[in-house]
Amino acid sequence: MDKTGMPSTLSTQHDWYVSTLSSLSSPDDVPPIHLYSYKHVMDGFSAVLSQTHLDQLENLPGHVATFPESVGHLHTTHTPKFLGLNKRAGAWPAGKFGDDGIIGVLDTGIWPESESFNDKNMPPVPQRWRGICETGTEFNTSDCNKKLIGARKFSQGMKQVGLNISSTDDYDSPRDYMGHGSHTSLTAGGSPVQHADYFGYAKGTATGMAPLARIAMYKVIFYSGDSDGYDVAATDTLAGMDQAIEDGVDIMSLSLGFFETPFHENPIAIGAFAALKKGIFVTCSAGNSGPHGYTMLNGAPWLTTIGAGTIERQFGAEVTLGNGSIIVTGTSIYPENLFISRVPVYFGLGNRSEEVCDWNSLDPKDVAGKFLFCDYDGESSQFRQMSENDRYGPDIAGATGGIFSEDDAEFLHPDYFYMPIVIVSTKDGNLLKNYIMNTTNATVSVKFGLTLLGTKPAPKVAYFSSRGPDRRSPWTLKPDILAPGYHILAAWVPNGGFAPIPDNSSVYRAVISAPQAASVTPQSDYFGNYGFLSCYEVNGRHVVRSPVVSAIASPKT
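In structure tokens, the structure reads:
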């Protein structure tokens, strides 16, 4: 409800809601039943209504949108369930949930305040552990605990080759600025965190695959203003791996790679071989240069090389035309719990450039206050092209939002969806187009923020995941394992936004039925400090991202 429509004679919104319900006529003598008045989660109420009541309510001043009832189920944020992990039987309890195993992560650092690294109910640090927590910029020994038991940084090699660490976009300490290291550390061994979500998507309990394991961070990847990117030196990588072995890790996880060289010249292959001789399991990313063959890195036979796969979960929005004549579900990661109700549709029929929403083809005067429909151009992803012109999504000329018809949804980055945009399949797009073309004053309603389970096929290799065989050992089947690595919810750093939301249209505020979802801000302890790793490389020259997979293993005896 739009609270500006509340009569001045009423003192509270609750009184307004109750009064509104009592004003509805009941031809069948069954009055509406008020359930709850909401004060913080939304400006609105819940009630049991007949269709007659609903029709009356929708015509009253102040009404914004109505949502039907839905039934929810208990969730984790899904990956453990998708992998078949059961906390009462099978691999998870057999491996004691990684109890006292020590995972050494070589990455961009860690954000120790994240709730994912709390040590509640964890026993003392194993006596065999020999590592430490270093002090440095914005990082102290007190930032470690019984979960995060070690944190070091290795940057000397990077500095020596003339790549100075940025003082504004990174920390010369174990602290994470970019987010990647915190994200992968949770994926491997983070503590369970309830009520985690990404702006309302993937709600549930975020947990690492080995939630009782200990984590040690070895920061070897830094942002340099000299290269304008994230870099890692071979010397620093070897130093980090060496120290991890010395400290006593059981598992080593590296989400980085170097150009393929003979194994005896490759720092990761060298370090991993030494670790293997000490009984340490080493897992590495295959890379993000897919989908073509011979694009993988880290192909040494003694490494466990991981490819990125999808899970049976999709983030989307429900699109309803008119009064419900056509209802389809599309892909969207728009970061607001938003319901747009019966907005006029704009389709540039007769002008092919406007029909497919070519760059700069739309007149803001024509699309103002309307929802765009953009047809498929038959060749490529128009949405993707527009997004790449403007790194933060397409230019929709000031329209309320847009529906793009294309089959490339899986190739899109979460941050492209900074406007209320939905991607529908070309099959569904043709249904929508035919309806729009044959309906006078067509309208659309869109409900964002849906998390859909059961998407098929799953798992499948993510389009960006590097493929084998390895150029240095093509006779070895690589990657070794496919694991969830596409849109995986995990910890993120709070010192930088991830999903920009413009506030440049009164239409947004008029159709929002609930307060804006929590944003990624320093003030948030952990709610909202969860994000999805983007699918592109951290640095095309050196560093690649991995869907880090942790082995669920008991410590060495």
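Counting along the sequence shown from 1, when you hit position 127 you're at 111 in the numbering used here, and nothing is skipped either side. Glycine included, each C-beta is placed from N, C-alpha and C at the ideal position.
Spatial distance of residue i from residue j (CA atoms)
{"i": "A381", "j": "Q298", "result": "28 Å"}
{"i": "L436", "j": "N129", "result": "36 Å"}
{"i": "S3", "j": "I17", "result": "12 Å"}
{"i": "V312", "j": "G85", "result": "46 Å"}
{"i": "S273", "j": "F401", "result": "23 Å"}
{"i": "P45", "j": "F331", "result": "29 Å"}
{"i": "G165", "j": "W476", "result": "9 Å"}
{"i": "S345", "j": "T423", "result": "24 Å"}
{"i": "E372", "j": "I405", "result": "With a pLDDT of 48 at E372, under the threshold of 50, the modelled position of this residue cannot be trusted; read the value that follows with caution. Cα to Cα, the separation comes out at about 15 Å."}
{"i": "F357", "j": "D(-14)", "result": "27 Å"}
{"i": "Q178", "j": "N102", "result": "12 Å"}
{"i": "D226", "j": "F123", "result": "22 Å"}
{"i": "P108", "j": "A446", "result": "39 Å"}
{"i": "G115", "j": "G300", "result": "44 Å"}
{"i": "E302", "j": "S9", "result": "31 Å"}
{"i": "A186", "j": "A180", "result": "8 Å"}
{"i": "E339", "j": "D359", "result": "6 Å"}
{"i": "G188", "j": "S450", "result": "30 Å"}
{"i": "I205", "j": "G134", "result": "17 Å"}
{"i": "Y207", "j": "D464", "result": "30 Å"}
{"i": "N148", "j": "W95", "result": "22 Å"}
{"i": "M403", "j": "K349", "result": "18 Å"}
{"i": "S429", "j": "S(-8)", "result": "30 Å"}
{"i": "G385", "j": "G314", "result": "14 Å"}
Per-residue DSSP class, three states only, for residue i
{"i": "H471", "result": "coil"}
{"i": "G224", "result": "helix"}
{"i": "V491", "result": "Any reading at V491 is ruled out, since the residue's pLDDT is 28, under 50, leaving its predicted position unreliable."}
{"i": "Q(-3)", "result": "helix"}
{"i": "Q111", "result": "coil"}
{"i": "R198", "result": "strand"}
{"i": "G334", "result": "coil"}
{"i": "V351", "result": "helix"}
{"i": "P(-9)", "result": "coil"}
{"i": "F29", "result": "strand"}
{"i": "V2", "result": "helix"}
{"i": "H164", "result": "helix"}
{"i": "D12", "result": "coil"}
{"i": "T410", "result": "helix"}
{"i": "F401", "result": "coil"}
{"i": "F243", "result": "coil"}
{"i": "P45", "result": "coil"}
{"i": "F257", "result": "helix"}
{"i": "I17", "result": "strand"}
{"i": "A383", "result": "strand"}
{"i": "L415", "result": "helix"}
{"i": "S151", "result": "coil"}
{"i": "S7", "result": "helix"}
{"i": "L132", "result": "strand"}
For residue i: DSSP bridge partner residues
{"i": "L305", "result": "I310, V428"}
{"i": "G120", "result": "F123"}
{"i": "C268", "result": "L238, T289"}
{"i": "G213", "result": "S208"}
{"i": "K137", "result": "K203"}
{"i": "C358", "result": "F388"}
{"i": "I86", "result": "R198"}
{"i": "A180", "result": "G188"}
{"i": "T435", "result": "F299"}
{"i": "D91", "result": "K203"}
{"i": "T315", "result": "G300, I407"}
{"i": "F101", "result": "Answer is none; F101 lacks a bridge partner."}
{"i": "R159", "result": "I94"}
{"i": "V544", "result": "No information on residue 544 is available, as it lies outside the stretch -15 to 541 that the chain covers here."}
Expected contact under 8 Å - CB spacing of residue i and residue j to nearest Å
{"i": "V327", "j": "G88", "result": "V327 to G88, Cβ: 52 Å. No contact."}
{"i": "A256", "j": "L287", "result": "5 Å"}
{"i": "Y202", "j": "F265", "result": "Not a contact, Cβ separation roughly 16 Å."}
{"i": "Y470", "j": "G184", "result": "About 19 Å separates the two Cβ atoms, so there is no contact after all."}
{"i": "A190", "j": "A474", "result": "6 Å"}
{"i": "A442", "j": "E296", "result": "4 Å"}
{"i": "I290", "j": "S269", "result": "6 Å"}
{"i": "Q(-3)", "j": "S21", "result": "7 Å"}
Chain D within 8 Å of residue i, Cβ atoms only
{"i": "G362", "result": "Among the chains in the structure shown there is no chain D, since it carries only a single protein chain."}
Any non-hydrogen atom of the ligand ZN within 7 Å of residue i CB
{"i": "E302", "result": "For the structure depicted, the ligand ZN is absent and the ligand set is empty, with no information on it obtainable."}
(message) Check whether the segment 319 to 327 and the segment 406 to 414 are in contact - that is, three or more C-beta pairs closer than 8 Å.
(response) no
(request) Indicate whether the contact test is met: 3 or more Cβ pairs, each with one atom in the segment 229 to 247 and one in the segment 262 to 282, closer than 8 Å. (result) yes
(message) Check whether the segment 245 to 259 and the segment 167 to 175 are in contact - that is, three or more C-beta pairs closer than 8 Å.
(response) no
(message) Across the segment 296 to 310 and the segment 418 to 434, are there enough close Cβ pairs to call them in contact, namely three or more that are closer than 8 Å?
(response) yes
(message) For the pair the segment 7 to 16 and the segment 27 to 44, tell me if three or more CB-CB distances fall below 8 Å.
(response) yes
(request) Determine, using beta-carbon pairs with one atom in the segment 448 to 463 and one in the segment 341 to 356, whether at least three such pairs fall under 8 Å. (result) no
(message) Can you confirm whether the segment 114 to 133 touches the segment 145 to 162 when touching is taken to mean that 3 or more C-beta pairs between the two stretches lie within less than 8 Å?
(response) yes
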